[in-house]
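Asker: Encoded as structure tokens, here's the structure I'll be asking about.
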Amino acid sequence: MDLVPDLSQAVARGEIIAYFQPQVDAITRRVVAVEALARWRHPTLGLILPGVFIPLAEQYGLIADIGSFMIDEGCRCAAEWDDRGFGVQVAVNVSAAQLRTPAMLDHVAVRLRQHELPAAALVIEITESLPVIAIAEVCDRLNRMRSIGLGISVDDYGTGFSSMSQLMALPATEVKIDRSRVQGGTSSDAFITEVVEMARDRGLRVVAEGVETEEQLRVVRELGVDRVQGYLFGRPLPERDTVHLLEALT
Ligand code: C2E
Ligand code: MG
Ligand code: MG
Ligand code: MG
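Counting from 1, one number per residue, gives the positions in the sequence shown under UniProt numbering.
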């Protein structure tokens, strides 16, 4: 079935929605951040996951629209939750294609001003499997984002072409270890240790994704991971349910 025509209308029709998943401090277990994750409420097919429609959006030139919408929602909710006194950071995923759009940084800056939000309240997550050819350009964009105070997170670290040297070349503030390394058993411990050591040297925060069990939490905490995200603390939720979660866990 061809979803692309529907997808091109989805933002305008209000079918794209931001869900939010908590990130907790590995020691205190308090919610310190949430990641915004896109969902598509399709009128006939129901809820479609980003693993399906984000690659389509990237391929068919529709990612800028969806990406802008997610930045808007991230900023709006961050401001709202800040007003309520939760003080959580909001992380938004940005794809390489979106990052290369010249207007993106201005768009973020406008939204921050509009909501009177400090830039540090927002974290931009970029996936580390960026095409090597774009690295110089991407670094330049990321440097400008960092210079205005945004957090920069290297997502899904430990998949694909990861190398510590590539990570070190990026102006990041955080690294997120991919869930395959978090759930991967003892062979992953050495990898996590290496990431934590590198991160300490460079003042980066380390987040572990995909923490589903107390045992996984214990392991990553003992290896020095700062924050965790995963089903153990909550699945991605719509805004309303996120507020209830923040009331309970911040
Ligand atoms: P991601 O940025 O690595 O986000 C984490 C994914 O892992 C989410 O999948 C989340 O639901 C899932 N997850 C979290 N904890 C657990 C766990 O304990 N166990 C398991 N099995 N899974 C867990 P989701 O929401 O389906 O998103 C998939 C990917 O789609 C994201 O991976 C991200 O790369 C992309 N994505 C989502 N929203 C956006 C967006 O607004 N823009 C862009 N460019 N990409 C997005
Ligand atoms: Mg992410
Ligand atoms: Mg990730
Ligand atoms: Mg991942």
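Virtual Cβ for every residue (Gly too), placed ideally from N, Cα, C.
1. Three-state secondary structure (DSSP) at S5?
2. At a cut of 8 Å, does the segment 106-119 reach the segment 78-91 through at least three beta carbon pairs?
3. Would you call V52 buried or exposed, if buried means 16 or more other Cβ atoms sit within 10 Å of its Cβ?
4. Look at the alpha carbon of V110 and the alpha carbon of E215, and state the distance between them as a whole number of angstroms.
5. Would the C-beta of V196 count as close to ligand 1, meaning under 7 Å from any of its heavy atoms?
6. Measuring CA to CA, which of H42, E209, T242 is closest to D25?
7. Following a CB-centred definition, is N143 positioned closer than 7 Å to any heavy atom of ligand 2?
8. Does any C-beta atom of chain C lie closer than 8 Å to the C-beta of V32?
9. Among P102, E174, H107, V211, which has the Cα closest to the Cα of T127?
10. Under the criterion of a Cβ to heavy atom distance below 7 Å, does S95 qualify as lining ligand 1?
11. Indicate whether E73 and R41 have their beta-carbon atoms separated by less than 8 Å.
12. Can you list, in chain order, the stretches of the alpha helix (DSSP H) that have 4 or more residues and sit fully within the segment 31-82?
13. In the DSSP output, which residue or residues are listed as bridge partners for G151?
14. Look at the Cβ atom of V219, then the Cβ atom of V206, and state whether they are nearer than 8 Å.
15. When the Cα atoms are used, what is the spatial distance from G234 to Q21?
16. Taking the straight line between their C-alpha atoms, what separation do you get for Q9 and P236?
17. What span of residues does the beta strand (DSSP E) with R205 cover, start to end?
18. Any heavy atom of ligand 2 inside 7 Å of the beta-carbon of E35?
19. Do R227 and V92 have their C-beta atoms closer together than 8 Å?
20. Taking just the CA atoms, how far does T101 sit from A136?
21. Select from G87, R141, A57, R76 the residue whose C-alpha is nearest the C-alpha of L112.
Answerer: By the coordinates alone:
1. One point to set straight first is that residue 5 is Pro, not Ser, in the sequence displayed. Helix.
2. yes
3. exposed
4. 43 Å
5. no
6. E209
7. no
8. Within the model displayed, chain C is absent; a lone protein chain is all it includes.
9. E174
10. yes
11. no
12. 50-59
13. V123
14. no
15. 6 Å
16. 24 Å
17. 205-208
18. yes
19. no
20. 15 Å
21. R76
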